[in-house]
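Trainee:
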Amino acid sequence: MTFLRSFRSNPQILLLAMAFVMPLVFSVWNALLNNFVVEKAQFNGAQIGMLQSLREVPGFLAFTAVFLLLVLKEQTLALVSLAVMCVGVALTGWLPFELGLYCTTVLMSIGFHYFETINQSLTLQWLDKDKSAHFMGQQLAVKSFASLLAYGAIWLLMEWAGISYVAMYMLAGGVGLLIVIWLWFGFDKFTQTSVQHKHMFLRKRYWLYYGLVFFSGARRQIFMVFASFMMVEKFGYSVGDISLLYMLNYVFNLFFAPKIGRWIHKIGEQRALCIEYLGLLCVFVGYAWVDNSQLAAGLYVIDHLFFAMAIAVKTYFQKIADHRDIASTAGVSFTINHIAAVVIPALLGVVWLTSPSAVFYIGAGFAVCSLILALNIPDQPNDGNEVRMNMLRWANVPSVASPKENS
Numbered sequence: 015m016t017f018l019r020s021f022r023s024n025p026q027i028l029l030l031a032m033a034f035v036m037p038l039v040f041s042v043w044n045a046l047l048n049n050f051v052v053e054k055a056q057f058n059g060a061q062i063g064m065l066q067s068l069r070e071v072p073g074f075l076a077f078t079a080v081f082l083l084l085v086l087k088e089q090t091l092a093l094v095s096l097a098v099m100c101v102g103v104a105l106t107g108w109l110p111f112e113l114g115l116y117c118t119t120v121l122m123s124i125g126f127h128y129f130e131t132i133n134q135s136l137t138l139q140w141l142d143k144d145k146s147a148h149f150m151g152q153q154l155a156v157k158s159f160a161s162l163l164a165y166g167a168i169w170l171l172m173e174w175a176g177i178s179y180v181a182m183y184m185l186a187g188g189v190g191l192l193i194v195i196w197l198w199f200g201f202d203k204f205t206q207t208s209v210q211h212k213h214m215f216l217r218k219r220y221w222l223y224y225g226l227v228f229f230s231g232a233r234r235q236i237f238m239v240f241a242s243f244m245m246v247e248k249f250g251y252s253v254g255d256i257s258l259l260y261m262l263n264y265v266f267n268l269f270f271a272p273k274i275g276r277w278i279h280k281i282g283e284q285r286a287l288c289i290e291y292l293g294l295l296c297v298f299v300g301y302a303w304v305d306n307s308q309l310a311a312g313l314y315v316i317d318h319l320f321f322a323m324a325i326a327v328k329t330y331f332q333k334i335a336d337h338r339d340i341a342s343t344a345g346v347s348f349t350i351n352h353i354a355a356v357v358i359p360a361l362l363g364v365v366w367l368t369s370p371s372a373v374f375y376i377g378a379g380f381a382v383c384s385l386i387l388a389l390n391i392p393d394q395p396n397d398g399n400e401v402r403m404n405m406l407r408w409a410n411v412p413s414v415a416s417p418k419e420n421s
């Protein structure tokens, strides 16, 4: 009974459990999507593009999550969002036509993006500053394990057992929903250490964090869209090859992400991010030059590992933030991150038609911009010591907030 009580009352276990559910369900949706929409819904390129654009809209509107906090507690909203995502995935197989897939995709995406927003907020609030980097590494490892489990289930159940798309989507969404229900009743309702602001704002003292988040989103789009596409177009990777590459990435994260978290805590955010951005600069230049498929795969794995170091951006914000700002700023940061998701693929897709290498040189440019920003992080960031040089103060840029909340 004592063990059960300590289990129910530990918010870190709840965070890890939620971190497991999300990729377990989402990975199934993501892995099956392209085959499903082509085989069952006869989608063309324009319809797939529209579906992917609609998928990103809830991410762009993630800041609206703060308004739901006027009526729901963050823990409640996180679990409700997970449940909505699970329902969206479960329904996907039953609606194999254009409007149906658009609706289930948006439903799934609303749950996914609201959960990610609130989960980041809860993690930064419930974890001590000296433990958060290591814990976020553990979360990445748990997510990687869940994704590997999902891919393994798809392979076993669809390739060997021959179950249908409908059954696979229902199984993923149903299992996820059952786990969410268990989390709802199985854990205490945890109290917040501070009351969160329930309105939107941009604080000028967080400008460096906003910049890091924006360029992180821009670089990630190049990795997700164009690096993967290069593997297929230039090197002829099959679906199986790409799947193995994804699984290799998750295996590396499973073993190395916790160590990366501890390493970030040891050397500090500024050094960790400078190393990441220097490494990504080399990776993007490598993408532009590479002519060997094995070397390209190596760059892809290294690229994925470097993204695990983005933990440092979150821990930097945790150290400089007013605790009451975390929930609202989590939503704002997701929106800033998704500005790139809406714009970058379309613009660089045009560039790709004439010069694929130029796309990766632009990615290298984003890495340089991130490096310049990271050099402005203090050795010991905290509330009142957010940057080395405050360029916005020189430019007299105001905060976008109510007069009471300006700082």
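Whatever position you read off the sequence shown (first residue = 1), add 14 for the numbering used here. We put the beta carbon where it would ideally sit given N, CA and C, even for glycine. Treat the numbers as computed from the prediction; the structure is a model and nothing was measured.
Could you give the first and the last residue of the continuous alpha helix (DSSP H) run that contains residue 370?
Mentor: For the purposes of this step, residue 370 is taken as residue 356 along the sequence shown, with counting starting at 1. Unbroken alpha helix (DSSP H) run through residue 370: 370-388.
Trainee: So, residue 274 versus residue 398, is the Cβ gap smaller than 8 angstroms?
Mentor: For the purposes of this step, residue 274 is identified with residue 260 of the sequence shown, where counting begins at 1. For the purposes of this step, residue 398 is identified with residue 384 of the sequence shown, where counting begins at 1. In this structure, residue 398 does not lie closer than 8 angstroms to residue 274 by Cβ.
Trainee: Are the CB atoms of residue 95 and residue 125 within a distance shorter than 8 angstroms?
Mentor: Your numbering for residue 125 matches position 111 in the sequence shown. Your numbering for residue 95 matches position 81 in the sequence shown. Yes, they are a contact pair.
Trainee: From 28, 383, 401, pick the residue whose C-alpha is nearest to that of residue 199; which is it?
Mentor: As a working mapping, residue 199 is identified with position 185 in the sequence shown. Taking only the C-alpha atoms, the option nearest residue 199 is 28.
Trainee: Which residue or residues does DSSP assign as beta-bridge partners of residue 259?
Mentor: Translated into the one-based positions of the sequence shown, residue 259 becomes position 245. Note: residue 259 sits in no beta bridge, so no partner.
Trainee: Note down the Cα distance separating residue 416 from residue 168, rounded to an integer number of angstroms.
Mentor: Against the sequence shown, residue 416 aligns to sequence position 402. Against the sequence shown, residue 168 aligns to sequence position 154. Caution is warranted here: a pLDDT of 41 is assigned to residue 416, below 50, making its placement in the model unreliable, and the coordinate value is therefore given only provisionally. So the two alpha carbons sit approximately 50 angstroms from each other.
Trainee: In this structure, how does DSSP classify residue 399 when only helix, strand and coil are distinguished?
Mentor: As a working note, residue 399 is residue 385 in the sequence shown. If DSSP states are grouped into helix, strand and coil, residue 399 belongs with the strands.
Trainee: In whole angstroms, what separates the C-alpha of residue 241 from that of residue 35?
Mentor: Here residue 241 refers to the residue found at position 227 of the sequence shown. Here residue 35 refers to the residue found at position 21 of the sequence shown. Their backbone Cα atoms lie some 27 angstroms apart in a straight line.
Trainee: For a test of the three-state rule: what should DSSP assign to residue 287, helix, strand or coil?
Mentor: For the purposes of this step, residue 287 is identified with residue 273 of the sequence shown, where counting begins at 1. Helix, per DSSP.
Trainee: Where does residue 83 sit, in a helix, a strand or coil, going by DSSP?
Mentor: Here the question's residue 83 lines up with position 69 in the sequence shown. Coil.
Trainee: When you compare the stretch 134-141 with the stretch 54-73, are there three or more beta-carbon pairs, one atom per stretch, that lie closer than 8 angstroms?
Mentor: Because the criterion of three Cβ pairs below 8 angstroms is not met, the stretch 134-141 and the stretch 54-73 do not touch.
Trainee: Have a look at residue 30 and residue 204 and give me their C-alpha separation to the nearest angstrom.
Mentor: As a position in the sequence shown, residue 30 is number 16, starting the count at 1. As a position in the sequence shown, residue 204 is number 190, starting the count at 1. Near 15 angstroms, if we compare the C-alpha coordinates of residue 204 and residue 30.
Trainee: Let's see if you can read the secondary structure: which residues bound the alpha helix (DSSP H) around residue 338?
Mentor: Here residue 338 refers to the residue found at position 324 of the sequence shown. Careful: residue 338 lies outside any alpha helix (DSSP H) and carries neither H nor E.
Trainee: Buried or exposed for residue 403, going by 16 or more other Cβ atoms inside 10 Å?
Mentor: Within the sequence shown, the letter at position 389 stands for residue 403. Per the 10 Å Cβ criterion, exposed.
Trainee: Measuring only the C-alpha atoms, how far is residue 221 from residue 308?
Mentor: Within the sequence shown, residue 221 is the residue found at index 207, counting from 1. Within the sequence shown, residue 308 is the residue found at index 294, counting from 1. Straight-line Cα distance between these residues: approximately 40 angstroms.
Trainee: Does the beta-carbon of residue 106 have 16 or more other beta-carbons within 10 angstroms, so that it is buried, or is it exposed?
Mentor: By one-based count along the sequence shown, residue 106 stands at place 92. Result: buried.
Trainee: Can you give the Cα-Cα distance for residue 179 and residue 361, rounded to whole angstroms?
Mentor: The sequence position of residue 179 within the sequence shown is 165, counting from 1. The sequence position of residue 361 within the sequence shown is 347, counting from 1. Those two C-alpha atoms are separated by around 34 angstroms.
Trainee: Enumerate in chain order the residues of its own chain whose CB-to-CB distance from residue 293 is below 8 angstroms, with the five nearest sequence positions on each side excluded.
Mentor: Against the sequence shown, residue 293 aligns to sequence position 279. Cβ within range, chain order: 316, 320.
Trainee: Note down, in chain order, each residue of its chain lying with its Cβ closer than 6 angstroms to the Cβ of residue 224, except the 5 sequence neighbours on either side.
Mentor: Working through the sequence shown from its first residue, we reach residue 224 at position 210. These residues qualify, in order along the chain: 350.
Trainee: Can you give the Cα-Cα distance for residue 272 and residue 145, rounded to whole angstroms?
Mentor: In the sequence shown, counting from the first residue as 1, residue 272 sits at position 258. In the sequence shown, counting from the first residue as 1, residue 145 sits at position 131. Approximately 11 angstroms, taken between the alpha carbons.
Trainee: Mark residue 339 as exposed unless 16 or more other C-beta atoms lie within 10 angstroms of its C-beta, in which case mark it buried.
Mentor: Numbered from its first residue, the sequence shown carries residue 339 at position 325. Residue 339 is buried by the Cβ-count criterion.
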